[in-house]
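Each remark here refers to the structure printed beneath this line.
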Amino acid sequence: MVRLGTLRAAGLGLAIAASMLIGGCAQRPDGVLVYSARNEQLIKPLFDLYTQETGVPVRFVTDDAGPLIERLGAEGADTTADVLMTVDAGELWYAAERGLLQPVDSPILKANIPEHFRDPGNRWFGLSVRARTIVYSTERVKPEDLSTYEALADPRWKGKVCLRTSKKVYNQSLVAMLISEHGEQQTETIVRGWVNNLATNVFSNDVLLMEAIAAGQCDVGIVNTYYFGRLLRDKPGLPVKLFWPDQQGQGVHVNISGAGVTRYSRHEAAATKLLEWLSAPKAQALFAGENMEYPANPAIKADAAVLAWGDFKHSEKNIAQAGALQADAVRLMDRVGYK
Amino acid sequence: MSSIDVKGHAGSVPTRDLATQRSGRRVRLPVSTVAVVLLCLPALVPLAAIVVAALSPETEIWNHLATYILPEVIRNTLLLTIGVALLAGSIGTTLAWLTAMCEFPGRRFFEWALLLPLAIPAYVLAFVAVGFLDFSGPLQTWIRAATGSSNWFPAIRTGGGAIFVLSLATYPYVYLLARSAFLTQGRRALEAAQSLGLGRGAATWRVALPMARPWIAAGIALICMETLADFGAVSVFNYNTFTTAIYRAWAGMFSVNAALELAGVLMVFVLIVLAVERKSRAVARFSSSRDTSRDAPRMSLQGAARGFAFVGCTIIFLLAFALPFTQLLLWMLKHMGRDLDARYFGFAARSLLLAAAAAIVIVAASVLLAYVLRRKETRFTRLVIRTATMGYAIPGTVLAIGILVPVISLNNVLQGWLRDWLGNSAPTLMLHGTLVTVLAAYLARFLAAGFSPIESGLQRITHNIDEAAIGLGVVGRQLVRRVHLPLLRTSLTTAATLVFVDVMKEMPITLITRPVGWETLATRVFEMTAEGDWERAALPAVAIVLAGLIPVALLTRRSSNVGSSNVA
């Protein structure tokens, strides 16, 4: 047993504490610091490439968007973060709403990213597109029987629908966009119809949902296409297929993964350059390709495996709506008991 | 209980002879109070934020929550907590009884192997269980192939499934604590009871179990708090509890305030758990913890009992550890080629460093707090310490933000002063990007895991022991070092293990408070699971389990020599 005097122990403790704090007052390093809700394995290859090409180091902190936005808000004018990146438009909308992002006037970004994939105030920009579409069993469903998201509320699908939890932001965005199209009342009827048609408790993720369709627990569901791609890559020949709904109407519901420059960034120019680079063809192919998503820049084609699922028309309503109506969507889903 | 002891102590021992105590009477009390407040501060700050928010509800959102959310989550949370407390409590106590008091085939193996599930995060176990047992999983698929229908199979994505999995994940808390109680109280007590004419069953129920009650109660309280704070596992089952509602209010409705209000209601549940635990401890009788287990032989189980003991231990070991770990290994092998690289040494090193540092800090803090309660308990210090341990039941993300935001505010104030003083050449402060903040947040979160075992251990060192020692001239620091420390060794190791393993598994606090670029095994799990890539999360999860085995192995070695180390 080592014996330490109280004073000496306290001194040692202070010394350790001080040495830990030193790391905390280092000079702000040059380069760009990104707060990212997009996973490390999806962004690091791009940031590495950017550093290699430009010599500008990119550092990042990953977490869920919620904590990152709270942190950014608390840091205020003293933040060291330059870019906020998320996997959902609603989160970017909320960050912009709280005054945490700044408008970026970049002709390059405007040219590369279609209007409906960016903030009307240019505070954030979509960088990849995620389509949320219908998936069905090729054994029990004829594609002719499918038409729109709304039609899944029809009693003919009673006991045949699988849904993912309404806690997932992708479903909140989908319902928010339905509200923007149909208004709250009609949307409530639609979502109540979905819930009435459920074959089983809602799922915690899209992959389990598709496996349930393949196993025969239900016939149709709604999923993000990259989960479908990932599942089929692992288990080719699974009897499930994608269907593109609403091709005569609005088109397939899409969301974005995107980014904006923080309001108090000290490296606005460098941060803007990074976003511009990410919106250009070379990075776009990688950015979307890493996760089997669609590039936001329409000049770039998606990955060959992704293109094989077929071409489709997507909704061109501004995606900022998904954020503005998200809280309403959540309450609506609470009211109809969509868990 | 201990306040009564303190009085008895003061009356029967000539305190004026103890120079340290007499001179400290005026000075030390405030010092100990200040120390208590400082140590508990990281936990008190976020709790205060919750209370403030709960007292000023936003009516409109609150009405929505009260109508559509609260009835369901209150019912679910109650069911889940009670279910897990009962199931995990009985599994843990029974297994502890078997391995500590009895002899049956495989006992030596199960003794340590039954602790292994501690190293598997509950959310990982949940995911593996759902993957295996759901309609589309291999088991039901096989049943359908063999018999044509699996409709009779109980649905796993339900409250029942959540209770089942959380019980398997948390029973080791009770096992660990109850076992150390059974081991140190000794089989002699049981022998004595039997010699007085009680049958074996009656001796167990009337002597051994009541004597172990403070430990069992502490273990069940920890389990309840874990369950109340759990987000990962209930999400996999999509079972709505307070934590999922908090998350939904925050992420879905963009209302941090509504999230804090819900956390405020959750705290009421925590208070109930703590009150029940207090009550069940208050009537407990304590005996000398002089170890006598070497003297009395283990009960050798015979016939059917022997078989049941073996089969029961085997089933729990398979379900809670062997099967899920095998599944993780299979997934790991599938993706290892792509994901395993030299960086994993860094991830593991940082995880181990954080867990070890947190274990040291939290155990040290717990010892200090427990001694303050033992020697200078006041209503105020007791209240502060009890409140601080509530952090264990607050969802990690809420607690993380509750600590991070005040630290950032402090940082901004200091930064302002620094700028006024040094102008533009002032360095950038990043208090919230330091390990001190990470450790403070862990302290707030895991104080209960360190404090409970140590407090239970200290309660059993009766004041008779102190008096005997003082009579022999062993006083002050000597008393602690030569008498208390050896008697507390099992409690200290238990506390350190619980904290170590908890920190290895911890995700939300580590994610938001870590310095930039600090990746650990747990943050790797987050990276993979955030987009639902559970199979690729197996590699870091297996690494967490393996790293978590180190303290478990140490602990087992310790408790198997518990006889020799515990004789004062």
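Residue numbers (the numbering used here), protein chains in the order written: chain A, 1 to 339; chain B, 1001 to 1568. C-beta atoms are modelled at their ideal positions from N, C-alpha and C, and glycine is treated no differently. Bear in mind the structure is a predicted one, so any value in this text is a computation, not a measurement.
If only uninterrupted alpha helix (DSSP H) runs of at least 4 residues are considered, those enclosed by the region 1213-1242 of chain B are 1232-1237. Residue environment analysis places glutamate 139/A among the exposed positions, since fewer than 16 neighbouring C-beta atoms fall within 10 angstroms of its C-beta. For arginine 132/A, the enclosing beta strand (DSSP E) starts and ends at 125-137.
In the three-state scheme derived from DSSP, where H, G and I count as helix and E and B as strand, threonine 86/A is classed as strand. Any Cβ of chain B closer than 7 Å to the Cβ of glutamate 40/A would place that residue at the interface, and such an atom is present. By the neighbour-count criterion, in which 16 or more other beta carbons inside 10 Å mark a residue as buried, valine 1073/B falls on the buried side. Collapsing the DSSP output to three states places proline 295/A in a strand.
Sequence-ordered contacts of the region 1242-1264 of chain B with chain A read Thr1244, Tyr1247, Arg1248, Trp1250, Ala1251, Gly1252, Met1253, Phe1254, Ser1255, Val1256 [C-beta pairs closer than 8 Å]. Within its own chain, the residues whose Cβ lies closer than 8 Å to the Cβ of leucine 1198/B, once the five positions on either side in sequence are excluded, are Arg1206, Val1207, listed in chain order.
Tryptophan 194/A is a Cβ neighbour of alanine 153/A, given a cutoff of 7 Å.
The region 1514-1523 of chain B makes contact with the region 1332-1351 of chain B, as at least three CB pairs between them are under 8 Å. If the five residues before and after leucine 1260/B are omitted, its C-beta is found closer than 6 Å to the C-beta atoms of Ile1050, Ala1053, all from its own chain and listed in chain order. Counting only the Cα atoms, histidine 253/A lies some 23 Å from glycine 66/A.
The C-beta separation of lysine 160/A from alanine 199/A comes to about 6 Å, placing the pair in contact by the 8 Å criterion. Listed along chain B, the residues sitting closer than 8 Å to glutamine 217/A by beta-carbon distance are Phe1135, Ser1136. Here serine 1149/B carries a coil assignment [DSSP, helix/strand/coil]. The beta carbon of leucine 325/A is closer than 7 Å to those of Ala176, Ile179, Ser180 in its chain, skipping five residues each way along the sequence.
Put simply, the CB of arginine 59/A is near chain B, with a gap under 7 Å to one of its CB atoms. If you ignore the 5 residues before and after phenylalanine 47/A, its C-beta comes within less than 8 Å of the C-beta of Val34, Val58, Phe60, all in its own chain and listed in chain order. Of all residues in the region 1147-1165 of chain B, only Ala1155, Arg1157, Thr1158 come within less than 9 Å of chain A when Cβ atoms are compared, listed by chain position. Among the residues facing chain A, tyrosine 1068/B is included, as its CB has a counterpart in that chain under 7 Å away.
Contacts between glycine 1517/B and chain A, judged by CB atoms closer than 9 Å, involve Arg59, Phe60, Val61 in chain order. C-alpha of valine 1130/B to C-alpha of asparagine 197/A: approximately 23 Å in a straight line. Taking the C-beta atoms as reference points, glutamate 1103/B is found nearer than 7 Å to arginine 1298/B. For cysteine 162/A, the closest of Glu115/A, Thr187/A, Ala214/A by C-alpha to C-alpha distance is Ala214/A. Residue nearest to isoleucine 256/A within the set Asp119/A, Gly99/A, Glu97/A is Asp119/A (criterion: CA-CA distance).
Closer than 7 Å to the CB of glycine 1532/B there is at least one CB belonging to chain A.
The CB of leucine 1511/B comes closer than 8 Å to the CB of Thr62, Asp63, Asp64, Pro67 in chain A, given here in chain order.
At least one C-beta of chain B is nearer than 7 Å to the C-beta of glutamine 172/A. Separation of the CB atoms of phenylalanine 243/A and proline 143/A is rounded to 6 Å, and the pair is thereby assigned contact status at 8 Å. Apart from sequence neighbours up to five positions away, the residues of its chain that approach leucine 1414/B with a beta-carbon distance below 8 Å are Leu1429, Leu1431, ordered along the chain.
For the region 1374-1403 of chain B, the set of residues with a beta-carbon nearer than 8 Å to any beta-carbon of chain A comprises Thr1397, Ala1400, Ile1401, in chain order. In the structure shown, the three-state DSSP call for arginine 192/A is helix. Pairing aspartate 63/A with leucine 1511/B gives a Cβ-Cβ distance under 7 Å. Closest by C-alpha distance to aspartate 88/A, out of Lys339/A, Met333/A, Gly323/A, is Gly323/A. For the pair leucine 1539/B and methionine 1332/B, the CB atoms are nearer than the 7 Å cut-off.
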